[in-house]
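*Asks:*
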DNA sequence: CTGGCTCACTGGACTAGCCTCTTAGACAGT
DNA sequence: ACTGTCTAAGAGGCTAGTCCAGTGAGCCAG
């Protein structure tokens with residue numbers, strides 16, 4: 042991955058049929074004004090209408106099930122999940138590919154909280170991992186690199202130190218969004234030295250077990266990084 | 042759905058083969074110490090080892106792809122996604138089914154922010170939807186109900202009023218978790234009248250476009266509701 | 001009216017086969 | 001030797017056909 046990413050290239054992942062089907066079915070649900078609890082057409086029927094085999098349609102249905110859009114019941118059919126919002130949100134995300142400000146907003150909300158939790162829950166091992174990340178970043182920068190690996194490690198260490206698997210999963214979600222929207226740079230520091238300095242402030246607050254200062258430092262850090270990114 | 046849910050019953054969704062396969066493959070990845078970038082065994086091979094057909098295995102792979110665990114490439118194979126953390130987090134969640142405190146924590150973090158955003162971004166239509174939810178809840182309560190539908194509407198209206206699809210999706214994620222962990226009650230008010238009153242405080246702060254008061258009121262509300270739930 | 005049975009319909013899963021894509025290695029030509 | 005081209009093996013993508021297993025409406029006997 043490293044080389045291709047560095048070159049800005051990315052293996053073009055050919056479209057899979059089931060992915061198209063997901064889109065089409067989502068569109069159908071909306072156009073047909075289907076409400077939660079309603080049934081999708083029978084598999085054999087749908088497959089014929091969409092011009093694909095049942096096996097492929099089955100894949101699309103699995104995807105929709107994992108996404109939480111439908112609930113497939115043996116003998117009954119595919120019923121729309123009680124939360125239609127999920128479908129529309131996913132559709133919305135696919136459409137305008139979540140704009141940058143919203144992602145920054147979500148990220149700062151979560152990471153602010155994570156920093157505060159890390160300050161109150163960190164163990165000595167957590168702190169060691171955080172310090173290690175700082176060292177890695179410092180070494181990278183002195184080598185002329187941008188310190189992206191250290192940056193990544195740092196945020197991962199803080200997430201781990203917060204000891205909240207739910208919030209951690211939400212962060213993983215956002216990280217995925219950032220990748221998907223091809224805004225990898227968002228996770229990277231603008232001016233390396235400046236970024237490292239604000240990392241140190243965060244780490245110090247966590248070391249001192251000061252939740253408010255940690256949250257504040259994290260918010261300032263994200264604002265700094267994001268501002269720089271927005272200028273491009 | 043309504044009737045069965047009210048009775049605490051739930052249609053036992055028969056296990057699907059592909060779901061078991063997802064678990065097995067996840068376990069295999071861990072046991073085989075596979076790292077990001079590594080390849081899973083070939084489909085034909087894996088299918089034979091697991092004793093299923095390729096078509097079924099393909100469904101499991103689609104599920105893993107949607108979950109962000111792997112990336113299937115035509116002609117090459119299924120490669121582990123660069124973020125193995127996602128897999129382990131998902132696995133962890135499945136195992137200990139995220140304890141209540143963590144979910145409350147995540148929910149209050151997000152909803153506090155959502156309330157603040159709603160206060161600064163709400164349109165008149167948003168406010169109308171919020172007031173409508175309050176009315177529904179009031180009607181339900183005076184009818185002797187617990188006002189769950191109104192409660193749901195209220196939180197949905199606030200999420201919508203915040204105008205942040207990213208945060209909205211994260212909330213949808215948590216809502217799903219709550220459902221999956223069969224802690225539906227978490228989303229419901231403890232003492233209906235008390236809950237309604239704190240909803241009104243939140244709504245007033247949003248009406249006045251006071252972000253800080255809105256966030257504070259929301260946090261107080263969630264604390265109230267959660268405390269009640271924890272006593273059981 | 002009730003209980004039990006049947007049958008049409010739904011999804012679940014498998015098999016066999018053919019297509020396209022990727023890649024390593026053989027084999028030329030330089 | 002190096003380099004470019006070609007080929008074949010092996011990977012996933014997709015289809016068609018078949019059979020199995022739940023679901024539920026409707027019929028019919030008690």
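Chains as they are written, first to last, in the working numbering: chain F, 42 to 273; chain X, 42 to 273.
Note that CB positions come from ideal geometry on N, CA and C, so glycine has one too.
Keep in mind it's a predicted model, so treat the numbers as computed, not measured.
1) Output needed for residue 265/F: all residues of its chain with C-beta closer than 8 angstroms, excluding positions within five of it in sequence on either side, in chain order.
2) At a Cβ threshold of 8 angstroms, is residue 100/X touching chain F?
3) How many Å lie between residue 169/X and residue 157/X at the Cα?
4) Pick out whichever of 121/X, 151/X, 189/X has its Cα sitting closest to the Cα of residue 75/X.
5) Going straight from the alpha carbon of residue 56/F to that of residue 106/X, what length do you get?
6) At a CB-CB cut-off below 7 angstroms, which residues of chain X make contact with residue 96/F?
7) Taking the alpha helix (DSSP H) that residue 194/F falls in, what are its first and last residues?
8) Quick check on residue 119/X: does DSSP put it in helix, strand or coil?
9) Taking the straight line between their C-alpha atoms, what separation do you get for residue 262/F and residue 179/F?
10) Tell me the rounded alpha-carbon separation between residue 149/F and residue 253/F.
11) Select from 112/X, 104/X, 188/X the residue whose C-alpha is nearest the C-alpha of residue 274/X.
12) Under 8 angstroms between the Cβ atoms of residue 175/X and residue 212/X?
13) If the cut-off is 8 angstroms on Cβ atoms, which residues from the segment 139-155 of chain X count as contacting chain F, listed in chain order?
14) Does the distance from the C-beta atom of residue 202/X to that of residue 258/X stay below 8 angstroms?
15) Check this for me: beta carbons of residue 199/X and residue 260/X, under 8 angstroms apart or not?
16) Does DSSP classify residue 80/F as helix, strand or coil?
17) Use the C-beta contact count for residue 71/X: other C-beta atoms within 10 angstroms, 16 or more gives buried, fewer gives exposed.
18) Would residue 207/X and residue 144/F qualify as a contact pair, given that the criterion is a beta-carbon distance under 8 angstroms?
19) Measuring straight from C-alpha to C-alpha, what distance separates residue 163/F and residue 245/F?
20) Consult DSSP for residue 127/X and reduce its assignment to one of helix, strand or coil.
21) Can you tell which of 64/F, 87/F, 93/F, 58/F has the C-alpha that lies nearest to the C-alpha of residue 118/F?
22) May I ask which residues mark the beginning and end of the beta strand (DSSP E) holding residue 113/X?
23) Taking 7 angstroms as the limit between beta carbons, can you name the residues of its chain near residue 95/F, skipping five residues before and five after?
24) Residues of chain F with a CB under 9 angstroms from the CB of residue 195/X: which are they?
25) Taking Cβ to Cβ, would you say residue 104/X is nearer than 8 angstroms to residue 59/X?
26) Suppose the cutoff is 6 angstroms on Cβ atoms and the five residues either side in sequence are ignored; what does the same chain contact list for residue 209/F look like?
27) Listed in chain order, which residues of the segment 174-208 of chain F have Cβ atoms closer than 8 angstroms to some Cβ of chain X?
28) Quick check: is the beta carbon of residue 266/F nearer than 8 angstroms to any beta carbon in chain X?
29) Would you mind sorting residue 114/F into buried or exposed? The rule is 16 or more other CB atoms within 10 Å of its CB.
30) So what's residue 250/X in DSSP terms, helix, strand or just coil?
31) Quick check on the burial criterion: 16 or more other C-beta atoms within 10 angstroms. Buried or exposed for residue 194/F?
32) Below 7 angstroms on C-beta distance, what does residue 104/X contact in chain F?
33) Taking DSSP as the reference, what is the three-state secondary structure of residue 92/F?
*Replies:* Working from what's here:
1) 231, 235, 236, 239
2) yes
3) 17 angstroms
4) 121/X
5) 13 angstroms
6) 96
7) 189-202
8) strand
9) 17 angstroms
10) 14 angstroms
11) In the structure as shown, chain X begins at 42 and stops at 273. Residue 274/X is therefore absent and cannot be evaluated.
12) no
13) 139, 143, 144, 146, 147, 150, 151, 154
14) no
15) no
16) strand
17) exposed
18) yes
19) 12 angstroms
20) Any answer about residue 127/X is weak, because its pLDDT of 45 lies below 50 and its placement is not dependable; what the coordinates show is given next. In the structure shown, residue 127/X sits in a helix (DSSP, three-state: H, G or I).
21) 87/F
22) 111-114
23) 84, 85, 88
24) Within 9 angstroms Cβ-Cβ: nothing; residue 195/X doesn't reach chain F, min ~14 angstroms.
25) yes
26) 200
27) 197, 205, 206, 207, 208
28) no
29) exposed
30) coil
31) buried
32) 103, 107
33) coil
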